[in-house]
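Visitor: Chain order of the listed sequences is W and A. Numbered per our numbering, the first sequence spans residues 223 to 551. Numbered per our numbering, the second sequence spans residues 223 to 551. Yeah, the Cβ is synthetic: ideal placement off N, Cα and C, and Gly gets one too. Sharing a structure with you now.
2 protein chains.
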Amino acid sequence: MRDIFVLTEADLRKFISLNLDIVDVVERAFLALASGKVVMPPILSMDLPDAHGEVDVKTAYIPGFDGFAIKVSPGFFNNPKIGLPSLNGLMILFSAKTGLVDALLLDNGYLTDIRTAAAGAVAARHLAPPHVETAGVLGTGVQARLQIAAAHLVRPFSKVLVWGRNAENAAACARDIAANLSIEAVAVADPAEVVRKSQLVVTTTPARDPVLKADWLHPGLHITAMGADQGGKNEIDPAAILAADLFACDRVSQSETVGELQTARKAGFPADRMPPELGEIIARTKTGRSKDDQVTICDLTGTGAQDTAIATYALLAAKKADIGTIIKA
Amino acid sequence: MRDIFVLTEADLRKFISLNLDIVDVVERAFLALASGKVVMPPILSMDLPDAHGEVDVKTAYIPGFDGFAIKVSPGFFNNPKIGLPSLNGLMILFSAKTGLVDALLLDNGYLTDIRTAAAGAVAARHLAPPHVETAGVLGTGVQARLQIAAAHLVRPFSKVLVWGRNAENAAACARDIAANLSIEAVAVADPAEVVRKSQLVVTTTPARDPVLKADWLHPGLHITAMGADQGGKNEIDPAAILAADLFACDRVSQSETVGELQTARKAGFPADRMPPELGEIIARTKTGRSKDDQVTICDLTGTGAQDTAIATYALLAAKKADIGTIIKA
Numbered sequence: 223m224r225d226i227f228v229l230t231e232a233d234l235r236k237f238i239s240l241n242l243d244i245v246d247v248v249e250r251a252f253l254a255l256a257s258g259k260v261v262m263p264p265i266l267s268m269d270l271p272d273a274h275g276e277v278d279v280k281t282a283y284i285p286g287f288d289g290f291a292i293k294v295s296p297g298f299f300n301n302p303k304i305g306l307p308s309l310n311g312l313m314i315l316f317s318a319k320t321g322l323v324d325a326l327l328l329d330n331g332y333l334t335d336i337r338t339a340a341a342g343a344v345a346a347r348h349l350a351p352p353h354v355e356t357a358g359v360l361g362t363g364v365q366a367r368l369q370i371a372a373a374h375l376v377r378p379f380s381k382v383l384v385w386g387r388n389a390e391n392a393a394a395c396a397r398d399i400a401a402n403l404s405i406e407a408v409a410v411a412d413p414a415e416v417v418r419k420s421q422l423v424v425t426t427t428p429a430r431d432p433v434l435k436a437d438w439l440h441p442g443l444h445i446t447a448m449g450a451d452q453g454g455k456n457e458i459d460p461a462a463i464l465a466a467d468l469f470a471c472d473r474v475s476q477s478e479t480v481g482e483l484q485t486a487r488k489a490g491f492p493a494d495r496m497p498p499e500l501g502e503i504i505a506r507t508k509t510g511r512s513k514d515d516q517v518t519i520c521d522l523t524g525t526g527a528q529d530t531a532i533a534t535y536a537l538l539a540a541k542k543a544d545i546g547t548i549i550k551a
Numbered sequence: 223m224r225d226i227f228v229l230t231e232a233d234l235r236k237f238i239s240l241n242l243d244i245v246d247v248v249e250r251a252f253l254a255l256a257s258g259k260v261v262m263p264p265i266l267s268m269d270l271p272d273a274h275g276e277v278d279v280k281t282a283y284i285p286g287f288d289g290f291a292i293k294v295s296p297g298f299f300n301n302p303k304i305g306l307p308s309l310n311g312l313m314i315l316f317s318a319k320t321g322l323v324d325a326l327l328l329d330n331g332y333l334t335d336i337r338t339a340a341a342g343a344v345a346a347r348h349l350a351p352p353h354v355e356t357a358g359v360l361g362t363g364v365q366a367r368l369q370i371a372a373a374h375l376v377r378p379f380s381k382v383l384v385w386g387r388n389a390e391n392a393a394a395c396a397r398d399i400a401a402n403l404s405i406e407a408v409a410v411a412d413p414a415e416v417v418r419k420s421q422l423v424v425t426t427t428p429a430r431d432p433v434l435k436a437d438w439l440h441p442g443l444h445i446t447a448m449g450a451d452q453g454g455k456n457e458i459d460p461a462a463i464l465a466a467d468l469f470a471c472d473r474v475s476q477s478e479t480v481g482e483l484q485t486a487r488k489a490g491f492p493a494d495r496m497p498p499e500l501g502e503i504i505a506r507t508k509t510g511r512s513k514d515d516q517v518t519i520c521d522l523t524g525t526g527a528q529d530t531a532i533a534t535y536a537l538l539a540a541k542k543a544d545i546g547t548i549i550k551a
């Protein structure tokens, strides 16, 4: 009989929220990825057309971490019709020494939200120009709010511009950001204006046709594209990726299959050109932004390494806070 | 807040044991596989050489089942040195309608043992000669015992011959089988003798070099090979597979990558010859054994469909038996 720690979403929300500690934990995961010692198999993906659903399974083993997480993320898109969220899921944390289950994190996707935003902060920390006055966001969902909060931890901008296809949602998102960060945040009707007036832009949409055009690029801009995470998704005009001074991503193999490199490769991003991964830029084995007036773009598809990092962090923090239920199994 | 059912191995052992109901449930899963409507992605496999470990993730969505399971099976082979079993794992049962977690089955591999044995019974039911007097088993572990118990449910033989590399283990296995089934069971020093004297043989070893030779085949023999489940494993002499009247398997794509077809294809089993899958034989869309004196071989690599079938069955049975813990999450 062993103790298995069970943490529900309600438990996790009591003691896990976005902060610089978590940004640092996720940054370490990217750094480990760049070391070449992480074992991160391709995402297991299952489509369930009968149920209008899909399930993704991600995992990664990071040497030096006590555990490794396996994350299961179902998305069932008929759920809102019956009052349930589309996205759910859980993480299972296994001991990296014995393979025994250490913890069940029944987070309904909450930890994914946090680690995804934290990755945005890591990208902004290493690629955005040092001084950001205005940040922009395309998209108005949970990640629009969290990505801006995360970026603000590393680039304390004073103004936020929000664009979404639905003006009411954009206004609500701007209000929430303003209240959360105590800064000015306004909804803007034209995405071009958001990009042109910002030094840091995050795209957080499920777009299958680009929402950010090459024409809008300007010196001293960093863009983090975190929306694309499936075949067919595409937020950034491939011409923008070709025109940027630097294109980076969290994982090249994932960007090529589920991220922005899907279209960029077709549009002429050379097949033999390996863009730097975020971890390589952190490790300084590849060059990141070298001048303030460059245009940089970073594509985040979401990695199992981030899941292992946040799950390990969450279990330690839960034990410290004495939160959770123990099952003898 | 929803109810998530948690069942530990101790819970499951109270009300789940090998029986004909479970054989039927697993048979339905194979039948569904043959319908072409099951969604079963390739196994996610992660090697952890630093820890002398590996992790497999299997899943399958079967239309008509209320849920689908995702099974995580870690194997950490240094564990016995610290008094822990090498194999562990759990199944997570999700609603097939909403993707929400219905149950956590913390079975440490127990349900896998049962569904694997049940698949052996399904193979024996559809491929063994109708009258089996003597059954043989190569291997002396948990599956040697369970496979013989499962086969006995569908072919009530009166004698069992057991061979293992370690004579003491073989003797212990024979004693356990005799006690469990109240029939004669004896350990035999020569595997050739086991095969030559049996009408039904199950191989349950982790062999990487064949333990069953083509020379030993004789009319009226069925062999189920359940040991190979990874690249490089091989229990059956490829010449035996070429010589048999019928070779079948649970899933061709898996037999080719982790099962007996790995070596058989290289030895001359034509690349364009698609052997029948067990489900196709059950569905009678492909021919199984047509004469009592044929030699048949069935390779079982283990499918996510079996996991979904037994996990669904276990949850229903747990609710009926009022066993388990409920977590509000």
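1) What is the DSSP secondary structure of E231 of chain A, counted as helix, strand or coil?
2) Can you pull out the residues from the segment 232-264 of chain A whose beta carbon lies closer than 7 Å to at least one beta carbon of chain W?
3) Could you give the residue range of the alpha helix (DSSP H) that holds L240 of chain A?
4) For a contact defined as C-beta to C-beta under 9 Å, what are the partners of D272 of chain W on chain A?
5) Just to confirm, is the Cβ distance from L483 of chain W to A341 of chain W under 8 Å?
6) Taking CB distances under 8 Å as the criterion, tell me whether A533 of chain A reaches chain W.
7) Quick check: the Cα distance between G481 of chain A and D467 of chain W, rounded to an integer number of angstroms?
8) What does the alpha-carbon distance come out to for the pair N402 of chain A and H374 of chain A?
9) Please determine, among A:T320, A:K280, A:S317 and A:D272, the residue with the shortest C-alpha to C-alpha distance to I300 of chain A.
10) For A436 of chain A, decide whether its Cβ has a neighbour in chain W, counting only Cβ atoms nearer than 8 Å.
11) Please list, in chain order, all residues of the same chain as L255 of chain A whose beta carbon is under 6 Å from its beta carbon, the five residues on each side excluded.
12) When DSSP builds the beta bridges, which residues end up paired with V261 of chain W?
13) Between the Cα of G305 of chain W and those of A:M223, A:F379 and A:Y283, spot the shortest distance and give me the residue it belongs to.
14) Residue ranges of each alpha helix (DSSP H) run of no fewer than 4 residues wholly in the segment 406-479 of chain W, ordered along the chain?
15) In the structure shown, what three-state DSSP assignment does A505 of chain W receive?
16) From this set, W:I545, W:W438, W:Y332 and W:C471, which residue's C-alpha is nearest L450 of chain W's C-alpha?
17) Can the beta-carbon of R250 of chain A be found less than 8 Å from the beta-carbon of A486 of chain A?
18) Could you tell me the boundaries of the alpha helix (DSSP H) in which V354 of chain A lies?
19) Report buried or exposed for K455 of chain W, applying the criterion of at least 16 other Cβ atoms within 10 angstroms of its Cβ.
20) So, are the CB atoms of I504 of chain W and L349 of chain W less than 8 Å apart?
21) Do V433 of chain W and V410 of chain W come within 8 Å of each other at the CB atom, strictly closer than that value?
22) Would G275 of chain W pass as a contact of G311 of chain W if the rule is Cβ separation under 8 Å?
23) Which of the residues in the segment 535-547 of chain W, read from start to end, lie with their CB under 8 Å from any CB of chain A?
24) Less than 7 Å separating the Cβ of L240 of chain W from some heavy atom of the ligand COA?
25) If you follow the beta strand (DSSP E) that I519 of chain W is part of, which residue opens it and which one closes it?
26) Using the beta-carbon of each residue, which ones in chain W are nearer than 7 Å to A551 of chain A?
27) For a cutoff of 8 Å on Cβ pairs, would you count G275 of chain A as touching chain W?
28) Would you check if the distance between the CB atom of A462 of chain A and the CB atom of K435 of chain A is smaller than 8 Å?
29) Reducing DSSP to helix, strand and coil, say where A318 of chain A ends up.
30) What is the DSSP secondary structure of F218 of chain A, counted as helix, strand or coil?
31) At a Cβ threshold of 8 Å, is P296 of chain A touching chain W?
32) Who are the Cβ neighbours of A414 of chain A in its own chain at under 8 Å, not counting the five residues just before and after it?
33) Identify every residue that forms a DSSP beta bridge with G275 of chain W.
34) Starting from N301 of chain A, find everything on chain W with Cβ-Cβ shorter than 7 Å and list it in chain order.
35) Are there 16 or more other CB atoms within 10 angstroms of the CB of M496 of chain W, so buried, or fewer, so exposed?
36) Starting from L537 of chain W, trace the alpha helix (DSSP H) both ways and give me its first and last residue.
Guide: Considering the structure as presented:
1) Position 9 of the second sequence, counted from the first residue, corresponds to residue 231 of chain A. If DSSP states are grouped into helix, strand and coil, E231 of chain A belongs with the helices.
2) V261 and P263
3) Residue mapping note: residue 240 of chain A aligns to position 18 of the second sequence, counting from 1. From DSSP, L240 of chain A is part of no alpha helix (DSSP H); its letter is neither H nor E.
4) In the first sequence, counting from the first residue as 1, residue 272 of chain W sits at position 50. K259, V261, Y283, P285 and A318, listed in chain order.
5) Walking along the first sequence from the start, residue 483 of chain W turns up at place 261. Walking along the first sequence from the start, residue 341 of chain W turns up at place 119. No; because the gap between Cβ atoms is not below 8 Å, this pair is not in contact.
6) Taking the first residue of the second sequence as 1, we reach residue 533 of chain A at position 311. No - not a single Cβ of chain W is within 8 Å of the one on A533 of chain A.
7) Within the second sequence, the letter at position 259 stands for residue 481 of chain A. Within the first sequence, the letter at position 245 stands for residue 467 of chain W. Near 49 Å, if we compare the C-alpha coordinates of D467 of chain W and G481 of chain A.
8) The residue labelled residue 402 of chain A in the question sits at position 180 within the second sequence. The residue labelled residue 374 of chain A in the question sits at position 152 within the second sequence. Cα-Cα distance, rounded: 11 Å.
9) Position 78 of the second sequence, counted from the first residue, corresponds to residue 300 of chain A. Looking at the sequence shown, residue 300 of chain A is not Ile but Asn. Ranking A:T320, A:K280, A:S317 and A:D272 by Cα distance to N300 of chain A puts A:D272 first.
10) Your numbering for residue 436 of chain A matches position 214 in the second sequence. So, not an interface residue.
11) As a position in the second sequence, residue 255 of chain A is number 33, starting the count at 1. Cβ neighbours of L255 of chain A beyond the five flanking positions: G501 and A527.
12) Locating residue 261 of chain W in the first sequence gives position 39, where the first residue counts as 1. DSSP lists W:Y283 as partners of V261 of chain W.
13) By one-based count along the first sequence, residue 305 of chain W stands at place 83. The candidate whose alpha carbon is nearest that of G305 of chain W is A:M223.
14) 413-419 and 460-465
15) Taking the first residue of the first sequence as position 1, residue 505 of chain W is located at position 283. In this structure, A505 of chain W counts as coil in the three-state DSSP scheme.
16) In the first sequence, residue 450 of chain W corresponds to position 228, counting from 1. A quick correction: the sequence has Ala, not Leu, at residue 450 of chain W. Minimum Cα distance to A450 of chain W is reached at W:C471.
17) Translated into the one-based positions of the second sequence, residue 250 of chain A becomes position 28. Translated into the one-based positions of the second sequence, residue 486 of chain A becomes position 264. No, they are not a contact pair.
18) Reading the second sequence from its first residue, position 132 is the one you call residue 354 of chain A. Unbroken run through V354 of chain A: none, as it is neither H nor E.
19) For this step, residue 455 of chain W is matched to residue 233 along the first sequence. The residue is buried, with at least 16 neighbouring Cβ atoms inside 10 Å.
20) Mapped onto the first sequence, residue 504 of chain W falls at position 282. Mapped onto the first sequence, residue 349 of chain W falls at position 127. Contact: no.
21) Numbered from its first residue, the first sequence carries residue 410 of chain W at position 188. Numbered from its first residue, the first sequence carries residue 433 of chain W at position 211. No, these two residues do not count as a Cβ contact at 8 Å.
22) Translated into positions along the first sequence, residue 275 of chain W becomes position 53. Translated into positions along the first sequence, residue 311 of chain W becomes position 89. No, they are not a contact pair.
23) T547
24) With respect to small molecules bound, the structure shown includes none, and the ligand COA cannot be examined in it.
25) Counting from one through the first sequence, the residue named residue 519 of chain W turns up at place 297. Its beta strand (DSSP E) spans residues V517 to D521.
26) As a working mapping, residue 551 of chain A is identified with position 329 in the second sequence. Those within 7 Å of A551 of chain A in chain W are T230, E231 and L328.
27) Position 53 of the second sequence, counted from the start, is the residue given in the question as residue 275 of chain A. For G275 of chain A, the answer is yes, since a Cβ of chain W falls inside 8 Å of its Cβ.
28) Along the second sequence, one-based indexing puts residue 462 of chain A at 240. Along the second sequence, one-based indexing puts residue 435 of chain A at 213. Taking 8 Å as the Cβ cut-off, A462 of chain A and K435 of chain A qualify as a contacting pair.
29) Position 96 of the second sequence, counted from the first residue, corresponds to residue 318 of chain A. Reduced to three states, the DSSP call for A318 of chain A is coil.
30) Given that chain A is displayed from residue 223 to residue 551, the structure contains no residue 218 of chain A and the question cannot be resolved.
31) Here residue 296 of chain A refers to the residue found at position 74 of the second sequence. Yes, contact with chain W.
32) To locate residue 414 of chain A, count along the second sequence from 1; it is residue 192. Answer for A414 of chain A: K435, D437 and W438, listed in chain order.
33) Here residue 275 of chain W refers to the residue found at position 53 of the first sequence. Looking at the DSSP assignment, G275 of chain W forms a beta bridge with W:L270 and W:F298.
34) For the purposes of this step, residue 301 of chain A is taken as residue 79 along the second sequence, with counting starting at 1. Chain W residues near N301 of chain A: T320.
35) The residue you call residue 496 of chain W lines up with position 274 of the first sequence. The residue is exposed, with fewer than 16 neighbouring Cβ atoms inside 10 Å.
36) Mapped onto the first sequence, residue 537 of chain W falls at position 315. Segment G526 to A543, the alpha helix (DSSP H) holding L537 of chain W.
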